[in-house]
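Trainee: Line by line, the protein sequences give chains A and Z.
Add 10 to a position in the first sequence, counting from 1, and you land on the number used in the working numbering.
Add 10 to a position in the second sequence, counting from 1, and you land on the number used in the working numbering.
For each residue, glycine too, the CB sits at the ideal point set by N, CA and C.
Protein chains: 2
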Amino acid sequence: MSEYIENDPQGISVGLVEKRFFTFAEPPHGMVLECGTRLGPITLAYETYGTFKGNNAVLILHALSGDSHAAGYYSPEDPKPGWWDMMVGPGKGIDTDKYFVICPNILGSCMGSTGPSSIIPKGDRAYGLDFPVVTIGDMVMAQKKLLDYLGINKLLSVIGGSIGGMQVLEWAVRYPEMITSAIPLATTTKHSALAIAFNEVARQSIMADPNWNGGDYYSGAKPSLGLAVARMIGHITYLSDESMRLKFGRRLQDKNDFSYNFDADFQVESYLRYQGTKFVERFDANSFLYITKAADYFDLGLQHGDGSTVRAFSKTRAKFLVVSFTSDWLYPTYQSKAIVRALKKNGIDVSFCEIEAEWGHDAFLLPSERLTALIKGFLDRVYREI
Amino acid sequence: MSEYIENDPQGISVGLVEKRFFTFAEPPHGMVLECGTRLGPITLAYETYGTFKGNNAVLILHALSGDSHAAGYYSPEDPKPGWWDMMVGPGKGIDTDKYFVICPNILGSCMGSTGPSSIIPKGDRAYGLDFPVVTIGDMVMAQKKLLDYLGINKLLSVIGGSIGGMQVLEWAVRYPEMITSAIPLATTTKHSALAIAFNEVARQSIMADPNWNGGDYYSGAKPSLGLAVARMIGHITYLSDESMRLKFGRRLQDKNDFSYNFDADFQVESYLRYQGTKFVERFDANSFLYITKAADYFDLGLQHGDGSTVRAFSKTRAKFLVVSFTSDWLYPTYQSKAIVRALKKNGIDVSFCEIEAEWGHDAFLLPSERLTALIKGFLDRVYREI
Chain A
11 MSEYIENDPQ GISVGLVEKR FFTFAEPPHG MVLECGTRLG PITLAYETYG
61 TFKGNNAVLI LHALSGDSHA AGYYSPEDPK PGWWDMMVGP GKGIDTDKYF
111 VICPNILGSC MGSTGPSSII PKGDRAYGLD FPVVTIGDMV MAQKKLLDYL
161 GINKLLSVIG GSIGGMQVLE WAVRYPEMIT SAIPLATTTK HSALAIAFNE
211 VARQSIMADP NWNGGDYYSG AKPSLGLAVA RMIGHITYLS DESMRLKFGR
261 RLQDKNDFSY NFDADFQVES YLRYQGTKFV ERFDANSFLY ITKAADYFDL
311 GLQHGDGSTV RAFSKTRAKF LVVSFTSDWL YPTYQSKAIV RALKKNGIDV
361 SFCEIEAEWG HDAFLLPSER LTALIKGFLD RVYREI
Chain Z
11 MSEYIENDPQ GISVGLVEKR FFTFAEPPHG MVLECGTRLG PITLAYETYG
61 TFKGNNAVLI LHALSGDSHA AGYYSPEDPK PGWWDMMVGP GKGIDTDKYF
111 VICPNILGSC MGSTGPSSII PKGDRAYGLD FPVVTIGDMV MAQKKLLDYL
161 GINKLLSVIG GSIGGMQVLE WAVRYPEMIT SAIPLATTTK HSALAIAFNE
211 VARQSIMADP NWNGGDYYSG AKPSLGLAVA RMIGHITYLS DESMRLKFGR
261 RLQDKNDFSY NFDADFQVES YLRYQGTKFV ERFDANSFLY ITKAADYFDL
311 GLQHGDGSTV RAFSKTRAKF LVVSFTSDWL YPTYQSKAIV RALKKNGIDV
361 SFCEIEAEWG HDAFLLPSER LTALIKGFLD RVYREI
């Protein structure tokens, strides 16, 4: 049952939730990362919703700038719920009356888990660039430790979009015996040159900010201008030509004529400036560098199948629901179809849906009856069949 | 006849050429710009190739970072010819044995024409942000003054791609009696929200560089890092998903493994960094701001047809060749088709061709037998029919 939340009068959220922390890999052992470095201790922030019944655990994995707060409210006065509250809650697509949901913040982030902004063990400063370059594989290895700690050795499903979807694929390949089903949304087995290009320009924008200072800025001014531009670049890739036309077109900000200066004349300019400014208040520039680099490095076929995605999935037995969105030009449908083909060649039970959506890559985070029904139906079937 | 050029042993270029300068609009009169400000004096750098015979003048208009040097060499030791040398020369698509070609550098640029890096009249410093915001219309008005000075009152054709294509459209609408034919390539009557978004992020990147200093940097360090990132953003928009896949894919720079740091691992990263670095040596950051703003402001229908592109073309009598490229996602084919429809509704003789090209928006600047044949055939027909 949900508690009463002021901003959620229908009581359809999971109610009040709490961020928890799990720390492991204490030195001198640490966790050996894919780059060969030992990292420890490692803390993962995480949240859970619903009740664990042994066979009903669903792992949600967030994208670049997400966090462990997928659903619910931290306090009755909290102005807004978690980032996927429309999908996660009682009776929702991922029904917390039936399933036990776990959402960890990824390794390398800045939302409670260990990352470049964390303090070095027994040190008096943040890691900065002394933080090792982590991979999608490292993030998933750390998540496995969390599940071990929680006593979960089988997942009914693992779900995520974008970089979260990469982690879904990595889970299905790295720990095939643990995964009953997998739902990768708007994702890819490897970044295209275009996706790498966007990430690289965003990183260059951060590193061009003198305040970035080689990653060592935690005791001084932050590289906010560089990070804001990086986020603006990201926001362009999350939308689409069509969605921008619908959302903004050439509408002017709040006047009937051009400013004839370098203010924001068009609404799309104000939108991007606002998104950039808002982002720097909550996100760490170095985490942006590390997580985008992890996404660029991700290559499921290369890392698990000697270059073949088909071989990478050879031990995978999970049922799959693969979803792409028509206007997503960051991870276009052809990339999801490549996942589907590789799964089918392994005889895996896979459903695929390309959802008509005008909102580009962002579509997987927006309310969609279609997506909700798909996920709900798929999870119900998987849960019935176990 | 072409002179002998060391690097052009076949002698198929226009040979040695010279940059010329035309200055007009001396104060106190100046030229009244669309923003209402008077600007003067104005200098336009320009080059000409071939011999003027009264009815054979072809005006070439360059894009964002171009200049007056469309063809030929400045000296026998010049390592490379002008930016459109493959199209402009004896026997080429724009045949300088037949046509008299004029290519001016646009107002607001930094390649010899008056722009923000020019010295204020009777002042001792560059304009910087005191330079007025110029429009595509202003650029074209200045070009008209140049043609008046050269004694040219009729153009056989006006040709240009991208922002050069916008000037072509503006010419055809603003001075319809002067234009026998027009060839807008890979262009649009108005920027989409997506195109504005890319320009705005690039501008923000420049303005976020502390060296930019409100546009006042000509006596100190330049905002090179910000301009490099801006150029990198541009280069992403000039290519396409497909062209990047073909050109770079996920190939690594010069090693077989990841660096696990923030060096350029992938070839596409090195390419972008190189393009950014190279650009800052030759281009002025403020000119980048002004020219992209002019392109964002451009709206042919709004400015000349009370919101209707059809009405904007109502006095146009030129024959048109409109060309788009399949993989151009900055100015996609649907935008060229909108130009064609508006022209046809005015009963204008218009040929349209969408060229199959993998190279994105950049395609109009790359060697293409198809494009060369199209332009050559169209100009020949127009020249025969006058």
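1) When the cut-off is 9 Å and only beta carbons count, does Ser-191/Z lie next to chain A?
2) Name the chain A residues whose beta carbon is nearer than 7 Å to that of Cys-45/Z?
3) When you compare only the Cα positions, how much space is there between Thr-199/A and Glu-364/Z?
4) Leaving out five residues before and five after Lys-355/A in sequence, what residues of the same chain have Cβ atoms less than 6 Å from its Cβ?
5) Taking 9 Å as the CB-CB limit, is Arg-390/A close to chain Z?
6) Could you confirm whether any beta carbon from chain Z is found closer than 9 Å to the beta carbon of Glu-210/A?
7) Can you tell me the Cα-Cα spacing of Val-211/Z and Ser-324/A, whole angstroms?
8) To which residues of the same chain is Gly-314/A closer than 6 Å at the C-beta, ignoring the five residues directly before and after it?
9) Name, please, each residue of chain Z whose Cβ falls closer than 8 Å to the Cβ of Ala-367/A.
10) I need the straight-line Cα distance from Asn-115/A to Glu-57/A, nearest angstrom please.
11) Give, in chain order, every unbroken run of the alpha helix (DSSP H) that is at least 4 residues long and sits entirely within the stretch 93-124 of chain A.
12) Since Gly-224/A contacts Leu-139/A with CB under 8 Å, what's their CB separation in whole angstroms?
13) Given this structure, state the Cα-to-Cα distance separating Ser-280/Z from Ala-274/Z, to the nearest angstrom.
14) Quick one: does Ile-307/Z have its CB under 9 Å from some CB of chain A?
15) Around the Cβ of Leu-256/A, are there at least 16 other Cβ atoms within 10 angstroms (buried) or fewer (exposed)?
16) Can you pull out the residues from the stretch 45-69 of chain A whose beta carbon lies closer than 9 Å to at least one beta carbon of chain Z?
17) Would you say Lys-288/A faces chain Z, with C-beta separation under 9 Å as the test?
18) Are the C-beta atoms of Leu-179/A and some chain Z residue less than 9 Å apart?
19) What does the alpha-carbon distance come out to for the pair Phe-374/Z and Ser-297/A?
20) Would you mind listing the alpha helix (DSSP H) stretches within the stretch 231-293 of chain A that are 4+ residues and don't spill past its ends, in chain order?
21) Which residue wins for smallest C-alpha separation from Tyr-137/A, given the options Ala-295/A, Gly-244/A and Ala-367/A?
22) Check for me: the alpha helix (DSSP H) holding Phe-388/Z runs from which residue to which?
23) If you compare alpha carbons, which of His-72/A, Ser-318/A, Pro-51/A and Ala-55/A is closest to Pro-194/A?
24) Relative to chain A, which residues along the stretch 319-343 of chain Z have a C-beta separation below 8 Å, given in chain order?
25) Might you give, ordered along the chain, the residues of its own chain that have their beta carbon closer than 7 Å to the beta carbon of Glu-13/A, omitting 5 neighbours on each side?
26) Residues of the stretch 274-298 of chain A with a CB closer than 9 Å to any CB of chain Z: list them in chain order, please.
27) One question on the structure: do Phe-388/Z and Leu-353/Z come within less than 9 Å of each other, judged by their Cβ atoms?
28) Please say whether Gly-370/Z and Ser-346/Z have beta carbons closer to each other than 9 Å?
29) Compute the Euclidean distance between the alpha carbons of Gly-171/A and Asp-148/A, then round it to the nearest angstrom.
30) Suppose the cutoff is 7 Å on Cβ atoms and the five residues either side in sequence are ignored; what does the same chain contact list for Leu-156/A look like?
31) What does the Cβ neighbour count give for Lys-63/Z, buried or exposed, with the cut at 16 atoms within 10 Å?
32) List, in chain order, every chain Z residue whose beta-carbon is nearer than 7 Å to that of Arg-213/A.
33) List, in order along the chain, the chain Z residues whose C-beta lies closer than 9 Å to that of Met-242/A?
34) Keeping to the same chain, check which residues put their C-beta closer than 6 Å to that of Phe-293/Z; ignore five residues upstream and five downstream.
35) For the stretch 150-234 of chain A, which segments carrying the alpha helix (DSSP H) assignment without a break, of at least 4 residues, lie completely within its bounds, in sequence order?
36) At 3 residues or longer, what runs of the beta strand (DSSP E) sit wholly inside the stretch 325-354 of chain A?
Mentor: A quick look at the data gives this:
1) Residue-level contact check: Ser-191/Z does not touch chain A, since none of the beta carbons of chain A fall below 9 Å from its beta carbon.
2) Under the 7 Å cutoff, chain A gives Tyr-270.
3) Their backbone Cα atoms lie some 33 Å apart in a straight line.
4) Val-320
5) In the sequence under discussion, the amino acid at residue 390/A is Asp, which differs from the Arg named in the question. Chain Z contact via Cβ: absent.
6) yes
7) 43 Å
8) Reading off the sequence, residue 314/A comes out as His, not Gly. Excluding sequence neighbours, His-314/A sits near Val-183 and Ala-322.
9) Under the 8 Å cutoff, chain Z gives no residues; its nearest Cβ is about 16 Å from Ala-367/A.
10) 9 Å
11) Listed in chain order, there is nothing to give.
12) For Gly-224/A against Leu-139/A, the beta-carbon gap comes to about 6 Å, under 8 Å, which counts as contact.
13) 6 Å
14) First, the amino acid is wrong: residue 307/Z is Tyr here, not Ile. Yes, Tyr-307/Z counts as interfacial toward chain A.
15) exposed
16) Sequence-ordered contacts of the stretch 45-69 of chain A with chain Z read Cys-45, Gly-46 and Thr-47 [C-beta pairs closer than 9 Å].
17) no
18) no
19) Going by C-alpha positions, Phe-374/Z is about 39 Å away from Ser-297/A.
20) 234-248, 251-257 and 277-292
21) Ala-295/A
22) 379-395
23) His-72/A
24) Trp-339 and Pro-342
25) Low per-residue confidence applies at Glu-13/A: pLDDT is 49, beneath 50, and the placement is therefore not dependable enough to give any value.
26) Ala-274, Asp-275, Phe-276, Gln-277, Val-278, Glu-279, Tyr-281, Leu-282, Arg-283 and Gly-286
27) no
28) no
29) 18 Å
30) Phe-32, Leu-54, Tyr-56 and Pro-114
31) The residue in question, Lys-63/Z, is exposed, as its Cβ has fewer than 16 Cβ neighbours within 10 Å.
32) Phe-272
33) Ala-207, Glu-210, Val-211, Gln-214 and Ser-215
34) Ser-75
35) 173-184 and 203-218
36) 329-335
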